[in-house]
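Numbering (the numbering used here), first residue to last: 1 to 63.
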């Protein structure tokens, strides 16, 4: 199995937390054009009670 995925394979995937809870779904992927790797994922359908008041962006570091 290859460790490489295309952006079309990443977008739409469900993201689960280590404890098994569903975080959300990948809506958009940011690609570093020089390194040709994903740097950020924008997650959709996150439960509202997980976001801080006034927050419109949930940022997850990839690494």
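Don't be surprised by glycine CBs; every beta carbon is placed ideally from N, CA and C. Keep in mind that this is a model prediction, so the values were computed, not measured.
Proximity of residue i and residue j at Cβ, strictly below 7 Å
{"i": "residue 10", "j": "residue 39", "result": "no"}
{"i": "residue 27", "j": "residue 44", "result": "yes"}
For residue j and residue i, believed in contact at Cβ under 8 Å, the rounded distance
{"i": "residue 12", "j": "residue 25", "result": "6 Å"}
{"i": "residue 46", "j": "residue 23", "result": "6 Å"}
Coil, strand or helix - residue i by DSSP
{"i": "residue 26", "result": "strand"}
{"i": "residue 7", "result": "helix"}
Residues near residue i by beta carbon distance below 7 Å, same chain, minus five either side
{"i": "residue 7", "result": "29 and 31"}
Chain-order list of residues whose beta-carbon lies under 6 Å from that of residue i (same chain, five-residue window excluded)
{"i": "residue 61", "result": "The predicted model places residue 61 with a pLDDT of 43, which falls under 50 and marks its position as unreliable, so this point remains unresolved."}
Contacting residues, own chain, Cβ-Cβ under 8 Å from residue i (five flanking each side not counted)
{"i": "residue 48", "result": "none"}
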